[in-house]
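For reference, the structure discussed in these notes is given below.
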Amino acid sequence: MSAPALIGTDLDYAAHCLQEGKLVAIPTETVYGLAGNALNTAAVAQIFLVKGRPHFDPLIVHIPDIDSVERYAVTFPAEARLLAERFWPGPLTLVLPKRDIIPDLVSAGGPTVALRVPNHPLTLELLRKTGLPLAAPSANPFGYISPTRPEHVAAQLGDRISYILDGGPCNIGLESTVVSFAGERPEILRLGGLDPEEIQQLIPELSFSLRQSANPMAPGQLDKHYAPSTRLVLTGNIRQYLAQHQLPPKTVLMMFHHRVPEWPAEQQVVLSTSGTTIEAAQHLFAMMRELDSSGFDLILAEQAPETGLGPAINDRLHRASYQESST
Ligand code: TXA
Ligand code: MG
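In this text, residue positions in the sequence shown follow the numbering used here: the first is 10, and each later residue adds one.
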C-alpha cells in the first residue's frame, strides 16, 4: 500500500498502519491522540518513545462501544455502566480493574485500565474497521500543550509517525474527564471535557482525587503540564495584577471574555466572545500554541469562572503557569 500525504482522511491506510504496529494520530472530540495497537507492546513502547513520556504514566485505551468494556476490564460496576450509557461516545474515561490481555506497559504496571469511547465519526469507524483497542495519549510531546488540530500534531510529531487522520478541529478542546472505579468509591482523577456536576447528578457520592504530586498516578496531574515555552502567569484579577506589576512590553493578555480597554488591542486575545466555558475550552489550547509562537515574553492569563468547564480550564492554566522553584 503506497503512503498518502502525511495528513488525510484515508481510513484504509490508517487501519493498515495500525495493524502493522505503526502509530497514527487520531481525531477525537477532546484532543488528537497518538494511537497504536494497545495489544502490541512494541507499538505501545513506540508511543512512549515518540511522546517522550515517562513509563509510570498509564495510557487510555480507546474502544468502539460499551460492549467492548468487558473484553478489557474484569468488572464493570453498575455506576460505571450508568456513566458509560449516558456519556459515551464522549469525553469520559473510566478506570476499571484490567484483564491480563492489557499489557503492563499500557497500565504502567498497575492493576487498572482506563477505557474510553471517543465521539468522533472517523475514529469510531477506524476502531470498528481494525477491531483493535487503541492506546492513545494526547499527541503532543510530554508536558507540552495538547493538539486540537491536525497541523498541531504535524508541527511537533510529523516526522515520527506514519499518518495523521484529519478529523478537523476538536470540538471540545479539553481532554476527557477521568473517573476511577478501581477504589472503594468512584473518584474523579482528572477534570476534563465533561462538567463534573453532570456526573454528580448520576453518582451523588462521587469524590475528587485530583493529585498534584510529582509522582502521580495521573500524568495530567503533574504540577507542570500543558505548558507553553513562553512564561505564563495566571491571575484571578487582571486589573489588579496590571496595576501592581511592572510587565515586559511584549506581554499578551489571554482574557476569558472581556478585553481590558486600557491595554493595546493587538496584545490581547479573548477565549470566548460569548462568555461561555464551553467556547473557551474549544479555543484554549490552540490559542496557547498561537501565542507561544508569536514572540511574546509573557502570557498573562485570566482565570475562567468556576462553573461548567471553568475548573478544568483553570486546572490546565494553573499547570501551564507552574514555575520550577528557583533558588
Ligand atoms: O481526551 C483524552 O483523554 C485524550 C484523547 C486522545 O482520548 N487522551 C489523553 O491521554 O488525554 P493522556 O495520556 O494525555 O492522559 C491520560 C490520562 C492521564 O491523566 C492518566 O493518568 C490517566 O489518563 N490514566 C490512564 N490510565 C490510567 C489508569 N489506569 N489509572 C489512572 N489514571 C489513568
Ligand atoms: Mg496529555
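Every residue gets a Cβ at the ideal spot worked out from N, C-alpha and C, and that includes glycine.
Just so we're clear, the structure is a prediction, and the values are computed from it rather than from any experiment.
- A check of alpha carbon separations from Leu309 across Thr239, Glu315, Ala23 identifies Thr239 as the nearest.
- Leu241 has its alpha-carbon roughly 38 Å from the corresponding atom of Lys107.
- Each residue's CA atom was taken as its position, placing Gln210 and Leu256 some 44 Å apart.
- Taking a C-beta distance under 8 Å as the contact criterion, Val78 and Pro98 do not qualify as a contact pair.
- Met263 carries a strand assignment under DSSP once its states are collapsed to helix, strand and coil.
- Within the chosen limit of 7 Å, the ligand TXA reaches the beta carbon of Arg199 through at least one heavy atom.
- When rounded, the separation of the alpha-carbon atoms in Thr316 and Asp74 is 30 Å.
- The ligand MG has no heavy atom closer than 7 Å to the beta-carbon of Glu38.
- At least one heavy atom of the ligand MG is found less than 7 Å from the C-beta of Ser147.
- With a contact defined as Cβ atoms closer than 8 Å, Val162 and Tyr22 miss out at about 16 Å.
- Nearest to Gly118 by alpha-carbon distance, out of His64, Arg158, Glu207, is His64.
- Here the region 108-115 does not lie against the region 86-95, with fewer than 3 beta-carbon pairs under 8 Å apart.
- Listed in chain order, the beta strand (DSSP E) runs fully inside the region 75-119 are 101-106, counting runs of at least 3 residues.
- Burial check for Glu206: the Cβ neighbour count within 10 Å stays below 16, so the residue is exposed.
- For the alpha helix (DSSP H) assignment, the uninterrupted runs of no fewer than 4 residues enclosed by the region 160-214 are, from N- to C-terminal side, 205-211.
- Residue state for Glu271 is assigned as coil, using DSSP reduced to three classes.
- The ligand MG approaches Ser155 closely enough that one of its heavy atoms is under 7 Å from the residue's Cβ.
- Distance between Ala52 and Ala82, taken at the CA atoms: about 21 Å.
- With respect to the C-alpha of Leu68, the residue from Gln28, Pro120, Thr260 having the closest C-alpha is Pro120.
- Residues Leu131, Glu134, Leu135, Lys138, Leu174 of the same chain have their beta carbon placed closer than 8 Å to that of Leu20, with the five preceding and five following residues left out of the count.
- One alpha carbon belongs to Ser189, the other to Arg199, and they sit about 10 Å apart.
- Annotation for Ile69: the continuous beta strand (DSSP E) segment containing it runs 69-71.
- Closest option to Gln276, judged by alpha-carbon separation, among Lys259, Thr286, Gly284: Lys259.
- A Cβ-Cβ distance of about 6 Å is found for the pair Leu318 and Asp204, placing them in contact under the 8 Å criterion.
- By the beta-carbon neighbour count (other beta carbons within 10 angstroms, threshold 16), Leu300 is buried.
- Sequence-distant Cβ neighbours of Asn323 in its own chain, meaning closer than 8 Å and more than five residues away, are Leu243, Gln312, Ala313, Glu315.
- Judged by DSSP secondary structure, Leu43 falls within the beta strand (DSSP E) whose first and last residues are 42-46.
- Approximately 4 Å separates the beta-carbon atoms of Pro100 and Ser185; this is inside 8 Å, confirming the contact.
- Residue environment analysis places Leu58 among the exposed positions, since fewer than 16 neighbouring C-beta atoms fall within 10 angstroms of its C-beta.
- Nearest neighbour of Gln291 by Cα position, chosen from Pro178, His234, Ile16, turns out to be Pro178.
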